[in-house]
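Asker: What follows is a single structure, and I will ask about it in a moment.
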Amino acid sequence: MAVSETVAATPPAATPTPPAPSRRRRGRNAAYWLYLLPGAVLFLLVIGAPLVGTLYLSLTKWSGIGDPRWVGLDNYQQLLQDDVFWASFRNTVWMLVAMVVVPTVLGLLLAAVLFDVIGRRFKPRTAAALRAAFYLPQVLPVVVAGIVWGWILRPDGAFNSLLDAVGLGALRHDWLGDPGTALPAVMAVMIWVQIGYPVVVFMAALQRVDPELYEAAEVDGANWLHRFRAITLPQIRPETFVVALTCTIAALKVFGPIFALTRGGPDNATNVPSYFAYYTFFKKLQVGYGSAISMVLTLIIVVVAGIFIWMQARSERRDRGF
Amino acid sequence: MAVTLTPSTAPVTPARPVRDRHHRGVSRWVVLALVTLGALVMLVPFAFMLLNAFKSPGDYSSGGPLSWPTEFYTKGLRTYWTEVNFPLKFWNSAIIAGSVAVLGVAVSLLNAYALGIGRVRGRLWIVGLFLLANMLPQEALIYPLYYVAKQVGLYNTQLSVIIIFTVIQSAFGTYLLASVMGTFPRSLLEAAALDGAGKWTVLWRVVFPNLRPTLAVLLIFFFIWTWNEFLIPLVMLIDNQTQTIPVALASLQGDRLMDAPTTNAGALISLVPAILFFLIFQRTLARGITAGAEK
């Protein structure tokens, strides 16, 4: 995909160093700042200033009316002792499993099978139709998906009726209402929502791989699994990085499906930081505390993204070294 | 690279490939069956939606979610259409997503021109900042935005959502276009400069036409992403006149009006524009992606 293409090309360090710029040249480049001006002003207004605002509010107590009262790091101290806060981050780890680990692994396998087996030993149209089926949930607004699944998993919903119909009526359950099954149920929905994205990106990536590599390996007697490990995986590593990074960020920020499926319930069993922050801001009207939750989440996302980008740069450097 | 490992892990015996191919003749059908089964499981919720969107409430309560509808009942669809005023919600979603797509691409283009082609000082840091901004959780921005919007009278207007998403989406667009423009052929730019073209002319006459496929893909992404956004519209748009499709559907959740058939009808209607849009632009997307890969 175009996205991954460019990510891989980010560090423009490889471009030949231009001749030392004369004063005139530098003056000419400075005129480009003008083009950055509208974007920079908008950026400061919509992202820079509000972010600083949230940071400030996280050091205050405020209900949204009157003046915020400065309390220093009290909110953060309170967070450390808040069971809901810890529960929400524990659930985030499970969201990472459902939105990153499972979709990336399954997506790699599916893309390889669709491309390598079905696309080549059957008609390419068969592979395209199957890919579309896996991608369809990605087209659905995620909140709409949440509402439909909320109905399917209700005690009187379609899933329990399906269990009855196949003779497993004993397993009937209030899937989203029981704290024991709510999180696995939400995770299953998220896998369903997410799986199409890696499949499509990885299939696009595989078209970039030289078919001769596969043919040569086949002549050498390598079976499908060997080819998958020796060719597919290393060849599409840049795309794998991008998918893992974007899915990780999405999992850390997940809000809409939780809002539509469970509102964090029952008993915080499916609460996540972003829903917890929203609820604290707009339902409990504890703006300072909500800001502190948001800042912790922001910090985690920045650190995780930094680690990813660092790892990607390192692996690219290593590739070039060989 | 790892490819060289292949011979050592797979010792070649002359008889093996023949048997392998023979064996594969059956196994490929097994693989096809398994993947098709997986694809069907993915489609089950959509089937549920279709099955129940055209069922009358009485039919639903007597037959349950799996029964075949006894009549083709469209009142659920009509109730949802009129009660929610779906055409207005559709218009709201379209105007917001459409404006954001166009404005977001325009801002990205200007930013990226300065960063990728102008190569202004500190561009790596600026690009990194934009990328980071796109990853921020919206909760870290929402309260100040909500508060200020209320102060300046932009609360509950589409304009507020359009401005916010133009910036958020263009943060990603800037990152993407800046690296695409970083590889733009310098010879083209220099030739235009020799012809006496100013920066503005170069942007519109040289850079823009060359980047059109990438810009088209970006436009479509921005549209779909904004169409599906939830948190910021949920906070900013509070009444029937301004809400988008996802917010309208979510705010009806648990409402007396929303029995199971109406919920499914509503979800089905909300799904249709997204699918149509996807089908219409699928070719553009595929073209843009290949164009990007060929560069």
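Respectively, the protein sequence lines represent chains A and B.
In terms of full-length UniProt numbering, the first sequence is numbered consecutively and its last residue is 322.
In terms of full-length UniProt numbering, the second sequence is numbered consecutively and its last residue is 295.
The C-beta atom is built at its ideal place from N, Cα and C for all residues, glycine as well.
Is DSSP giving B/Thr70 helix, strand or coil here?
Answerer: Coil, per DSSP.
Asker: DSSP state of A/Arg69, grouped into three classes?
Answerer: Reduced to three states, the DSSP call for A/Arg69 is strand.
Asker: For a cutoff of 9 angstroms on Cβ pairs, would you count A/Asp82 as touching chain B?
Answerer: With 9 angstroms as the cut-off, A/Asp82 does not count as an interface residue toward chain B.
Asker: Mind pulling the chain B residues with CB within less than 7 angstroms of A/Asn271?
Answerer: Simply none; closest approach about 13 angstroms.
Asker: I'd like to check one pair, A/Gly146 with A/Val100: are the Cβ atoms closer than 9 angstroms?
Answerer: Their beta carbons are not under 9 angstroms apart, which means A/Val100 does not touch A/Gly146 by this criterion.
Asker: In three-state terms, what does DSSP make of B/Lys199?
Answerer: Correct three-state label for B/Lys199: helix.
Asker: Check whether the stretch 172-180 of chain A and the stretch 70-84 of chain A are in contact - that is, three or more C-beta pairs closer than 8 angstroms.
Answerer: No, because fewer than three Cβ pairs between the stretch 172-180 of chain A and the stretch 70-84 of chain A fall closer than 8 angstroms, the two stretches do not touch.
Asker: Considering only their Cβ atoms, is the gap separating A/Phe43 from B/Ala106 smaller than 9 angstroms?
Answerer: No. Outside cutoff.
Asker: At 4 residues or longer, what runs of the alpha helix (DSSP H) sit wholly inside the stretch 141-218 of chain A?
Answerer: Fully enclosed alpha helix (DSSP H) runs of 4 or longer: 142-152, 158-165, 179-194 and 196-206.
Asker: Check this for me: beta carbons of A/Trp224 and A/Asp116, under 9 angstroms apart or not?
Answerer: Their beta carbons are under 9 angstroms apart, which means A/Trp224 touches A/Asp116 by this criterion.
Asker: By the three-class DSSP mapping on this structure, what secondary structure does B/Thr157 have?
Answerer: Coil, per DSSP.
Asker: Suppose you measure from the CA of B/Val100 to the CA of B/Phe90; what does that come to, to the nearest Å?
Answerer: Between B/Val100 and B/Phe90, the C-alpha separation is close to 15 angstroms.
Asker: Only counting runs of 4 or more residues, tell me where the alpha helix (DSSP H) segments fall wholly within the stretch 35-111 of chain A, in order along the chain.
Answerer: Those alpha helix (DSSP H) runs which fall completely within the stretch 35-111 of chain A and span 4+ residues are 49-57, 74-80 and 83-96.
Asker: Using 8 angstroms for Cβ pairs, my map puts B/Met49 next to B/Ala267. What's the rounded Cβ distance?
Answerer: Rounded, the Cβ-Cβ distance is 6 angstroms, consistent with contact.
Asker: Measuring only the C-alpha atoms, how far is A/Val302 from A/Leu233?
Answerer: Approximately 27 angstroms between the Cα atoms of the pair.
Asker: Specify, as a first and last residue, the run of the alpha helix (DSSP H) that A/Pro238 falls within.
Answerer: Counting along the chain, the alpha helix (DSSP H) containing A/Pro238 begins and ends at Arg237 to Lys253.
Asker: For A/Ala165, which residues in chain B fall below 7 angstroms Cβ to Cβ?
Answerer: Neighbours of A/Ala165 on chain B, chain order: Leu66.
Asker: With H, G and I counted as helix, E and B as strand and the rest as coil, what does DSSP make of B/Glu229?
Answerer: Of the three classes helix, strand and coil, the one that applies to B/Glu229 here is coil, per DSSP.
Asker: For B/Met49, decide whether its Cβ has a neighbour in chain A, counting only Cβ atoms nearer than 9 angstroms.
Answerer: Output row for B/Met49: interface = yes.
Asker: Classify A/Gln312 as helix, strand or coil using the three-state DSSP reduction.
Answerer: A/Gln312: helix per DSSP, three-state reduction.
Asker: Can you tell me the Cα-Cα spacing of A/Tyr196 and A/Thr280, whole angstroms?
Answerer: Rather than Tyr, the amino acid found at residue 196 of chain A in this sequence is Gly. Those two C-alpha atoms are separated by around 33 angstroms.
Asker: For a contact meaning CB atoms closer than 8 angstroms, what does B/Leu145 contact in chain A?
Answerer: By Cβ distance, chain A contributes Val46 and Pro50.
Asker: Output yes if chain B places a C-beta closer than 9 angstroms to the C-beta of A/Asp267; else output no.
Answerer: Chain B, which has no Cβ nearer than 9 angstroms to the Cβ of A/Asp267, makes this no.
Asker: Here's the rule I'm using: 16 or more other beta-carbon atoms within 10 Å means buried, otherwise exposed. How should B/Pro185 be labelled?
Answerer: Answer is exposed; the Cβ neighbour count stays below 16.
Asker: Looking at chain B, is there any beta carbon in it that lies within less than 9 angstroms of the beta carbon of A/Tyr197?
Answerer: No, A/Tyr197 does not count as interfacial toward chain B.
Asker: Cβ atoms of A/Tyr214 and A/Ile231: under 9 angstroms apart, would you say?
Answerer: Cβ distance < 9 angstroms, so A/Ile231 and A/Tyr214 count as in contact.
Asker: Let me confirm a value: B/Ser27 is counted as buried when at least 16 other C-beta atoms fall within 10 Å, else exposed. Which label applies?
Answerer: Result: exposed.
Asker: Would you list, in chain order, the members of the stretch 68-100 of chain A that have their beta-carbon closer than 8 angstroms to a beta-carbon of chain B?
Answerer: From the stretch 68-100 of chain A, no residue has a Cβ closer than 8 angstroms to chain B.
Asker: Quick check: A/Asn75 and A/Ala292, are their CB atoms within less than 9 angstroms of each other?
Answerer: Against a cut-off of 9 angstroms, the Cβ pair of A/Ala292 and A/Asn75 comes out as a contact.
Asker: Could one say the Cβ of B/Asn156 lies closer than 9 angstroms to chain A's Cβ atoms, at least one of them?
Answerer: No, because no Cβ of chain A sits closer than 9 angstroms to the Cβ of B/Asn156.
Asker: According to the Cβ coordinates, are B/Leu215 and B/Phe208 closer than 9 angstroms?
Answerer: In contact: B/Leu215 and B/Phe208 (Cβ atoms closer than 9 angstroms).
Asker: Given a cut-off of 9 angstroms, decide if A/Thr54 and A/Met311 are closer than it, judged by their beta-carbon atoms.
Answerer: No, they are not a contact pair.
Asker: Just to make sure I have the definition right: I need the residues of chain B whose C-beta is within less than 9 angstroms of the C-beta of A/Ala133. Which are they?
Answerer: Neighbours of A/Ala133 on chain B, chain order: Thr36, Gly38, Ala39, Leu40, Met42 and Leu43.
Asker: Would A/Pro257 pass as a contact of A/Val105 if the rule is Cβ separation under 9 angstroms?
Answerer: Cβ distance not < 9 angstroms, so A/Pro257 and A/Val105 don't count as in contact.
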